[in-house]
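Novice: Counting in our numbering, the sequence shown runs from 65 upward without gaps.
Even glycine gets a Cβ: it sits at the ideal position worked out from N, Cα and C.
I am attaching a structure below and will ask some questions about it afterwards.
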Amino acid sequence: MAASRVPLTGAPCEDDDVFRDIDGQPRRIRKFGDRRAGEVLSRNGPSPYQEWQSACQENAYHPFQSEVDFHIGSWLKLENISQAAIDRLLTPQVQPYISGVDSLSNVSVQFVKLLNLSFKSSRALNTIIDCKLPSDGLPWTRTEFSLEGTAEKCIFWHRDLLQAIRALYGEPRFASVLKYSPEQHFCDDEGENRIFDEMWTGNWWWRIQVRPPPSALPEGATVVPLIFGSDKTLLTQMSGDRYGYPIYLTIGNIPKAIRRSPTQRAMLLVGYLPTNKLEHLGLKEDDARAARQRIIHQCLSHLLEPTITPGKKGIPLVSGDGCVRMCHPLLGAWMADYPEQCLLTCTRSLRCPICNIDWRQIGNELNGDESLCEDVYRHPCALRSYNVLMKALSMTAVREPFWSKLHLAQIHTSMYPDILHQLLQGVLKHILDWLGDIVGDAELDRGFQTIPPTHGVRQFPEGLKNLQQLMGQERKAIARVLLGVIAACPKLKKAGEAGQRVIKATKAMLDFMQLASMEKHSERTVLLLRKCLLEFHANKHGFVELGARKTQERDNWICIPKFHSLVHYMWAVYEGGSLDNWTTSITERLHIDFAKLPFRHTSGKKDSTTKEMAMWVLRRERLLDFQSFV
Numbered sequence: 065m066a067a068s069r070v071p072l073t074g075a076p077c078e079d080d081d082v083f084r085d086i087d088g089q090p091r092r093i094r095k096f097g098d099r100r101a102g103e104v105l106s107r108n109g110p111s112p113y114q115e116w117q118s119a120c121q122e123n124a125y126h127p128f129q130s131e132v133d134f135h136i137g138s139w140l141k142l143e144n145i146s147q148a149a150i151d152r153l154l155t156p157q158v159q160p161y162i163s164g165v166d167s168l169s170n171v172s173v174q175f176v177k178l179l180n181l182s183f184k185s186s187r188a189l190n191t192i193i194d195c196k197l198p199s200d201g202l203p204w205t206r207t208e209f210s211l212e213g214t215a216e217k218c219i220f221w222h223r224d225l226l227q228a229i230r231a232l233y234g235e236p237r238f239a240s241v242l243k244y245s246p247e248q249h250f251c252d253d254e255g256e257n258r259i260f261d262e263m264w265t266g267n268w269w270w271r272i273q274v275r276p277p278p279s280a281l282p283e284g285a286t287v288v289p290l291i292f293g294s295d296k297t298l299l300t301q302m303s304g305d306r307y308g309y310p311i312y313l314t315i316g317n318i319p320k321a322i323r324r325s326p327t328q329r330a331m332l333l334v335g336y337l338p339t340n341k342l343e344h345l346g347l348k349e350d351d352a353r354a355a356r357q358r359i360i361h362q363c364l365s366h367l368l369e370p371t372i373t374p375g376k377k378g379i380p381l382v383s384g385d386g387c388v389r390m391c392h393p394l395l396g397a398w399m400a401d402y403p404e405q406c407l408l409t410c411t412r413s414l415r416c417p418i419c420n421i422d423w424r425q426i427g428n429e430l431n432g433d434e435s436l437c438e439d440v441y442r443h444p445c446a447l448r449s450y451n452v453l454m455k456a457l458s459m460t461a462v463r464e465p466f467w468s469k470l471h472l473a474q475i476h477t478s479m480y481p482d483i484l485h486q487l488l489q490g491v492l493k494h495i496l497d498w499l500g501d502i503v504g505d506a507e508l509d510r511g512f513q514t515i516p517p518t519h520g521v522r523q524f525p526e527g528l529k530n531l532q533q534l535m536g537q538e539r540k541a542i543a544r545v546l547l548g549v550i551a552a553c554p555k556l557k558k559a560g561e562a563g564q565r566v567i568k569a570t571k572a573m574l575d576f577m578q579l580a581s582m583e584k585h586s587e588r589t590v591l592l593l594r595k596c597l598l599e600f601h602a603n604k605h606g607f608v609e610l611g612a613r614k615t616q617e618r619d620n621w622i623c624i625p626k627f628h629s630l631v632h633y634m635w636a637v638y639e640g641g642s643l644d645n646w647t648t649s650i651t652e653r654l655h656i657d658f659a660k661l662p663f664r665h666t667s668g669k670k671d672s673t674t675k676e677m678a679m680w681v682l683r684r685e686r687l688l689d690f691q692s693f694v
């Protein structure tokens with residue numbers, strides 16, 4: 065959605081220049097000139113494609129015999145055809161498959177000879193991909209962890225993180241678009257109104273480059289912001305409870321439009337975290353949950369360990385154009401939903417994983433403040449035991465978090481807002497439930513059913529009652545017409561001032577959602593975000609007055625972490641650019657290619673499923689790399 069075409073439900077500002085300013089290219093760019101950030105050390109670094117050319121001088125498609133041979137093999141592997149189906153096509157069959165034909169043996173033999181294929185079975189094709197392609201890909205490693213005090217074994221399949229960083233940083237396809245130093249963009253010639261879109265336009269990268277000693281980066285350093293994404297997903301269909309836990313990596317030097325495109329392959333799968341349930345160990349629910357959290361942190365510590373020294377001292381990396389720079393891979397951001405954020409930051413549920421606001425104030429328009437927790441630190445029970453202390457501080461019992469040794473890592477500020485789960489599937493869902501309580505589900509459905517046909521607007525002929533498992537696109541379609549539905553509701557009109565407050569609060573939140581979804585922000589649009597949030601909090605009590613949410617604490621009745629997370633949206637734009645950089649819809653889409661499809665091509669055996677998924681992904685990546693080369 066273009067920044068200048070955001071369809072606000074009601075203009076929160078009468079000045080249209082707020083959106084016109086960020087339309088098009090920035091009028092002024094201030095580049096980071098201190099300490100020679102992104103300095104080139106040499107220009108003779110080898111490109112991976114140059115190394116492959118030496119092995120493929122005579123035949124560009126080697127080890128395949130011809131272009132047709134390569135494209136047939138690629139099609140068989142990339143179109144998700146099963147190995148059994150490939151064998152039926154290439155291998156002579158004993159049993160007839162077509163009525164009236166004695167055997168298909170001659171057909172298979174003639175097919176292979178006619179196309180001059182270098183493989184005659186799926187196993188032979190796998191051998192070519194595994195052993196003969198010039199691209200080795202990123203090999204997988206199996207690491208076994210044991211749960212302390214038990215015989216439980218947890219298997220972690222992962223890749224070398226430094227190799228993954230080298231692959232992303234040195235990809236020739238990205239050489240012309242990589243950014244090696246932060247910038248400040250402005251939409252005016254005076255440099256007073258900044259623009260925030262890409263990660264390098266935010267304050268985080270700039271602040272890392274100008275840190276004072278002793279944690280300062282050396283002169284000429286190139287920051288490589290590591291952006292991770294992780295989320296547990298269901299693998300089985302219809303029945304079964306098999307889960308996958310993929311973790312993805314990309315770098316902030318790559319533009320967000322490329323990072324978000326699955327076909328660009330700018331996000332790499334770097335591991336499958338273990339999904340042990342630990343039910344058979346006889347542990348209490350709290351103890352089992354704490355054990356699972358410690359396992360995840362132990363695995364992530366092992367995965368990120370190779371980046372500790374390079375983050376401090378730097379490591380020479382070769383970009384796709386052959387330039388060598390001294391790079392420092394640092395944890396920059398983590399794309400995760402709320403439960404995942406709590407797990408990674410060691411924060412207890414129903415608390416904020418970003419700030420330390422007291423849980424009793426989580427429903428108000430406040431940021432965290434140290435003074436709110438002084439009574440907790442002074443509590444005498446906080447010194448009795450480790451578990452009591454962690455509970456008093458709203459932390460989980462993870463003694464060694466994975467981020468404790470990472471250089472310049474601030475895990476709480478690495479947790480950026482998630483538009484998909486916090487706004488579309490969180491805040492909007494709650495508002496729809498409250499409106500249903502006030503006007504009735506039947507009346508609300510009737511309003512959606514009577515929406516006239518309009519270009520670009522989805523119709524709801526049966527209302528919302530029959531919609532199950534709404535996705536992000538459906539939620540967006542609902543938000544686009546929700547204000548018109550409730551503005552014409554007779555019950556809200558009869559409710560007088562309370563009904564008007566409900567409409568104003570809903571309008572303010574819909575405006576907030578549209579503004580937060582913009583692909584480019586300025587300082588003025590960030591102020592509009594804050595204005596919409598304040599307007600919502602000023603009118604939210606209309607829901608309680610009309611019976612939408614019953615509570616005895618009128619002043620703090622929205623004790624919902626997803627509503628509190630909205631206070632961090634403005635800060636997040638200033639720190640890391642526009643919020644579409646971090647939405648988990650990116651990782652949700654990647655689950656199809658790296659979790660669900662690989663699982664369907666496995667044997668289904670619990671002991672070997674993850675290994676088979678890893679090999680399926682590796683072969684696919686090797687073919688795609690070779691396809692880019694030829």
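(1) Going by beta carbon distance, what residues of the same chain come within less than 7 Å of residue 602, once the five residues before and after it are set aside?
(2) DSSP beta-bridge partners for residue 221?
(3) Among 223, 626 and 303, which residue has its Cα nearest to the Cα of residue 668?
(4) Would a C-beta distance cut-off of 8 Å place residue 288 and residue 372 closer than the cut-off?
(5) Span of the beta strand (DSSP E) holding residue 241?
(6) Should residue 249 and residue 237 be called a contact, given that it needs their Cβ atoms to be closer than 8 Å?
(7) What would DSSP say about residue 380, mapped onto helix, strand or coil?
(8) In the stretch 551-619, which residue ranges form an unbroken beta strand (DSSP E) of at least 3 residues, counting only runs that do not cross its ends?
(9) Quick check on DSSP: helix, strand or coil for residue 351?
(10) Apart from the five residues just before and just after residue 692, which ones in its own chain have a Cβ nearer than 7 Å to its Cβ?
(11) Hey, could you find the ends of the beta strand (DSSP E) residue 292 is sitting in?
(12) Buried or exposed, going by whether 16 or more other CB atoms sit within 10 Å of the CB of residue 195?
(13) Mapping the DSSP letters down to three states, classify residue 196 as helix, strand or coil.
(14) Does DSSP put residue 434 in a helix, in a strand, or in coil?
(15) Can you tell me where the alpha helix (DSSP H) with residue 687 in it begins and where it stops?
(16) Could you give the distance in angstroms between the alpha-carbon of residue 412 and the alpha-carbon of residue 262?
(17) Taking just the CA atoms, how far does residue 290 sit from residue 390?
(18) Name the two residues that bound the continuous beta strand (DSSP E) containing residue 248.
(19) Where residue 341 and residue 509 are concerned, what is the direct C-alpha to C-alpha distance, given to the nearest angstrom?
(20) Since residue 322 sits in a beta bridge, which residues does DSSP pair it with?
(21) Please return the same chain residues whose Cβ sits closer than 7 Å to the Cβ of residue 717, not counting the five positions on each side in sequence.
(22) What is the rounded straight-line gap between the Cα of residue 307 and the Cα of residue 356?
(23) By DSSP's criteria, residue 260 is part of a beta bridge. Which residues make up the other side?
(24) Within its chain, find whatever has a CB closer than 6 Å to the CB of residue 644; leave out the 5 residues flanking it on each side and keep chain order.
(25) Terminal residues of the continuous beta strand (DSSP E) containing residue 314?
(26) What is the residue span of the beta strand (DSSP E) that residue 396 lies within?
(27) In three-state terms, what does DSSP make of residue 414?
(28) Candidates 331, 496 and 429: which alpha carbon is nearest residue 398's?
(29) Quick check on DSSP: helix, strand or coil for residue 211?
(30) Quick check: what's the CA-CA separation for residue 142 versus residue 126?
(31) So, helix, strand or coil for residue 470, using DSSP?
(32) Look at the alpha carbon of residue 531 and the alpha carbon of residue 546, and state the distance between them as a whole number of angstroms.
(33) May I ask which residues mark the beginning and end of the beta strand (DSSP E) holding residue 93?
(34) Which partner residues of residue 307 appear in the DSSP bridge assignment?
(35) Please identify the residue among 685, 315 and 490 whose C-alpha is closest to the C-alpha of residue 286.
Specialist: So, from the data block:
(1) On the sequence shown, position 538 is the one that residue 602 refers to. Within the same chain, residue 602 has no close Cβ partners at all.
(2) Working through the sequence shown from its first residue, we reach residue 221 at position 157. Bridge pairing for residue 221: 206 and 336 [DSSP].
(3) Locating residue 668 in the sequence shown gives position 604, where the first residue counts as 1. Nearest C-alpha to residue 668 among 223, 626 and 303: 303.
(4) Position 224 of the sequence shown, counting from 1, holds the residue named residue 288. Position 308 of the sequence shown, counting from 1, holds the residue named residue 372. No, Cβ-Cβ distance for residue 288 and residue 372 is not below 8 Å.
(5) Here the question's residue 241 lines up with position 177 in the sequence shown. No beta strand (DSSP E) holds residue 241; DSSP gives it neither H nor E.
(6) What you label residue 249 is simply residue 185 of the sequence shown in a count that begins at 1. What you label residue 237 is simply residue 173 of the sequence shown in a count that begins at 1. Cβ distance not < 8 Å, so residue 249 and residue 237 don't count as in contact.
(7) Position 316 of the sequence shown, counted from the start, is the residue given in the question as residue 380. Correct three-state label for residue 380: strand.
(8) For the stretch 551-619, not a single whole beta strand (DSSP E) run of length 3 or above is found.
(9) As a first step, residue 351 must be located in the sequence shown, where it is residue number 287. Under the three-state reduction of DSSP, residue 351 is assigned to helix.
(10) On the sequence shown, position 628 is the one that residue 692 refers to. The answer, listed in chain order, is 237.
(11) The count along the sequence shown starts at 1 and reaches residue 292 at position 228. Note, residue 292: beta strand (DSSP E), 286-294.
(12) Here the question's residue 195 lines up with position 131 in the sequence shown. Exposed.
(13) The residue given as residue 196 occupies position 132 in the sequence shown. Looking at residue 196 - three-state DSSP - the assignment turns out to be coil, as it is neither helix nor strand.
(14) Working through the sequence shown from its first residue, we reach residue 434 at position 370. Low confidence applies here, because residue 434 scores a pLDDT of 37, under 50, leaving its location unreliable; read the following figure in that light. In the structure shown, residue 434 sits in a helix (DSSP, three-state: H, G or I).
(15) For this step, residue 687 is matched to residue 623 along the sequence shown. In the DSSP assignment, residue 687 falls within the unbroken alpha helix (DSSP H) covering 673-693.
(16) Counted from its first residue, the sequence shown places residue 412 at position 348. Counted from its first residue, the sequence shown places residue 262 at position 198. If you take the alpha carbons of residue 412 and residue 262, they lie about 31 Å apart.
(17) Residue numbering aside, residue 390 sits at position 326 when the sequence shown is read from its first letter. Residue numbering aside, residue 290 sits at position 226 when the sequence shown is read from its first letter. Near 16 Å, if we compare the C-alpha coordinates of residue 290 and residue 390.
(18) Start at 1 with the first residue of the sequence shown, and residue 248 comes out as number 184. Unbroken beta strand (DSSP E) run through residue 248: 247-250.
(19) As a position in the sequence shown, residue 341 is number 277, starting the count at 1. As a position in the sequence shown, residue 509 is number 445, starting the count at 1. As the crow flies, the alpha-carbon of residue 341 is around 40 Å from that of residue 509.
(20) Counting from 1 along the sequence shown, the entry for residue 322 is found at position 258. Its beta-bridge partners do not exist; DSSP assigns none.
(21) Absent from the structure is residue 717, since the part of the chain shown begins at 65 and ends at 694.
(22) On the sequence shown, position 243 is the one that residue 307 refers to. On the sequence shown, position 292 is the one that residue 356 refers to. Approximately 14 Å between the Cα atoms of the pair.
(23) In the sequence shown, counting from the first residue as 1, residue 260 sits at position 196. The partner list for residue 260 (beta bridge, DSSP) reads 585.
(24) Taking the first residue of the sequence shown as 1, we reach residue 644 at position 580. Setting aside the 5 residues that flank it on each side, residue 644 is surrounded in the same chain by 583, each with a C-beta closer than 6 Å to its C-beta; the list follows chain order.
(25) Start at 1 with the first residue of the sequence shown, and residue 314 comes out as number 250. Its beta strand (DSSP E) spans residues 310-315.
(26) As a working note, residue 396 is residue 332 in the sequence shown. Counting along the chain, the beta strand (DSSP E) containing residue 396 begins and ends at 388-399.
(27) On the sequence shown, residue 414 is found 350 positions in, with the first residue counted as 1. It is coil, neither helix nor strand.
(28) Against the sequence shown, residue 398 aligns to sequence position 334. When the alpha-carbon of residue 398 is set against those of 331, 496 and 429, the nearest one is in 331.
(29) By one-based count along the sequence shown, residue 211 stands at place 147. Taken through DSSP and simplified to helix, strand or coil, residue 211 comes out as coil.
(30) As a position in the sequence shown, residue 142 is number 78, starting the count at 1. As a position in the sequence shown, residue 126 is number 62, starting the count at 1. Cα to Cα, the separation comes out at about 19 Å.
(31) Here residue 470 corresponds to residue number 406 of the sequence shown, with the count starting at 1. Note: residue 470 maps to coil in three-state DSSP.
(32) Here residue 531 is taken as the residue at index 467 of the sequence shown, counted from 1. Here residue 546 is taken as the residue at index 482 of the sequence shown, counted from 1. A direct Cα-to-Cα measurement between residue 531 and residue 546 gives close to 16 Å.
(33) Working through the sequence shown from its first residue, we reach residue 93 at position 29. Taken as a continuous stretch (DSSP letters only), the beta strand (DSSP E) holding residue 93 covers 92-95.
(34) Numbered from its first residue, the sequence shown carries residue 307 at position 243. In DSSP, residue 307 forms a bridge with 298.
(35) On the sequence shown, residue 286 is found 222 positions in, with the first residue counted as 1. Residue 315 is the option with its Cα nearest to residue 286.
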